[in-house]
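**Q**
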Amino acid sequence: MTEQQGVSQDHKPSRPRFATFKSIRAAQPAWDSYDSTRDGFRPMPGMYAVSRRPNWWGAGATPEELHQLAKDSGIPVSWVAPAHVLRHLLDTGDHDARLGVLVDHQDEIRMLCKEMAEYCDDEWLGDAPEMAAKVVAAWGDGHPETAACMALLAVEELAHQVSRVDRSKKHKGLQDVAKAVVSNDDWFPQGQTVLSPLFPLYAQYWAHKGHEVPEQLSRHALVHSISLGHLSKGHAIVAIMLMISLLRELQERCDEVRDGMHANDPEVE
2 MTEQQGVSQD HKPSRPRFAT FKSIRAAQPA WDSYDSTRDG FRPMPGMYAV SRRPNWWGAG
62 ATPEELHQLA KDSGIPVSWV APAHVLRHLL DTGDHDARLG VLVDHQDEIR MLCKEMAEYC
122 DDEWLGDAPE MAAKVVAAWG DGHPETAACM ALLAVEELAH QVSRVDRSKK HKGLQDVAKA
182 VVSNDDWFPQ GQTVLSPLFP LYAQYWAHKG HEVPEQLSRH ALVHSISLGH LSKGHAIVAI
242 MLMISLLREL QERCDEVRDG MHANDPEVE
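Residue numbers (my numbering): 2 to 270.
Given below as structure tokens:
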């Protein structure tokens, strides 16, 4: 469990049910300005997760800033990076330096990824949770590149499920949905930010056309050219984070659907 989250996920907590949209909106500027690296530890408000992701608590950033970070760098910001790591990433403009931040904090990121993967247990998710467990285990055993290749196998299916983009639209459809604008005025921006890293992931790259290898993690650079130089330790961490982030987002939606089903029929599990 991370200090920023302040809530153990060994069991699924009850969801907060009583607050007005007006009171939540009024609290958001103060929530987004809280920087744990500057202000120290503060407990997360009970209603925070209604419109924010728990790992954002203490990052000192707005959803719009986090979306831009993910879209520009390809680094996932939803669920899988501790708040102080997000703060460091936001304060670092160079891509290689950002990858260095991930490598420097890989143990913390791996533990949070493990926690998020273990939380995902809904039968609707199929084999994805087991695959995520294997990915995290391979990473923990010192094989991040191997774990990343396995993670990227799962990312595309998870991305289609989370985005609800028809498979006929292929990678262009996923890239288009990833660049949708996130505004601080959005009621529920957290659903979009999980997709933001897909924008650079699906950038077109063709070595035979003389394209330069993309700076950010690129599916094309790995699948079509087997560029081991591109699969650096930092990019391997990005790939693993992306799989776990998308899977945890799907679990969240499963929880929301089951909460609704249970509200209508208390006997439904």
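We put the CB at the ideal spot given by N, CA and C, even for glycine.
Going along the chain, which residues of its own chain have a beta-carbon closer than 8 angstroms to the beta-carbon of ARG39, five neighbours each way excluded?
**A** Cβ neighbours of ARG39 beyond the five flanking positions: GLY61.
**Q** DSSP has ASP36 in a bridge; who is on the other side?
**A** According to DSSP, ASP36 bridges with ALA60.
**Q** What would DSSP say about SER233, mapped onto helix, strand or coil?
**A** SER233 falls in the coil class under three-state DSSP.
**Q** Considering only C-alpha positions, which residue in the set GLY261, ALA82, VAL51 and GLU216 is nearest to SER24?
**A** Closest option to SER24, Cα to Cα, is VAL51.
**Q** From the DSSP output, in three-state form, read off ARG254 for me.
**A** It is helical.
**Q** Is the stretch 118-138 close to the stretch 205-224, with three or more CB pairs under 8 angstroms?
**A** Judged by Cβ distances under 8 angstroms, the stretch 118-138 makes no contact with the stretch 205-224, as fewer than three pairs qualify.
**Q** Residues in its own chain within less than 7 angstroms of MET244 by CB, not counting five upstream and five downstream?
**A** Closer than 7 angstroms at Cβ, skipping near neighbours: ALA133, VAL136, ALA152, ALA155, VAL156 and LEU159.
**Q** Any C-beta of chain C sitting closer than 8 angstroms to the C-beta of GLY211?
**A** In summary, chain C is missing from the structure at hand, where a single protein chain is found.
**Q** Quick one: grab the DSSP three-state call for HIS85.
**A** Reduced to three states, the DSSP call for HIS85 is helix.
**Q** By DSSP, does ALA71 sit in helix, in strand, or in coil?
**A** It is helical.
**Q** To the nearest angstrom, how far is the alpha carbon of PRO145 from that of ASP128?
**A** The alpha-carbon atoms of PRO145 and ASP128 are separated by roughly 21 angstroms.
**Q** Can you tell me which of the three DSSP states GLN271 falls into?
**A** Missing from the structure shown is residue 271; the chain here goes from 2 to 270 and no further.
**Q** Can you have a look at PHE200 and say buried or exposed, based on whether 16 or more other CB atoms are within 10 angstroms of its CB?
**A** The residue in question, PHE200, is buried, as its Cβ has 16 or more Cβ neighbours within 10 Å.
**Q** So which of MET242, ALA98, ARG254 and CYS255 has the shortest CA-CA distance to GLU116?
**A** It is MET242.
**Q** Leaving out the 5 sequence neighbours to the left and right, which residues in its chain are closer than 6 angstroms to SER219 when beta-carbon positions are compared?
**A** ALA204 and TYR206.
**Q** Measure from the alpha carbon of ALA28 to the alpha carbon of each residue in PRO130, SER246 and TYR49, then state which is nearest.
**A** The shortest C-alpha separation from ALA28 is found at TYR49.
**Q** Can you look up LYS47 in the DSSP assignment and give me helix, strand or coil?
**A** Per the sequence presented here, residue 47 reads as Gly, with Lys not at that position. It is coil, neither helix nor strand.
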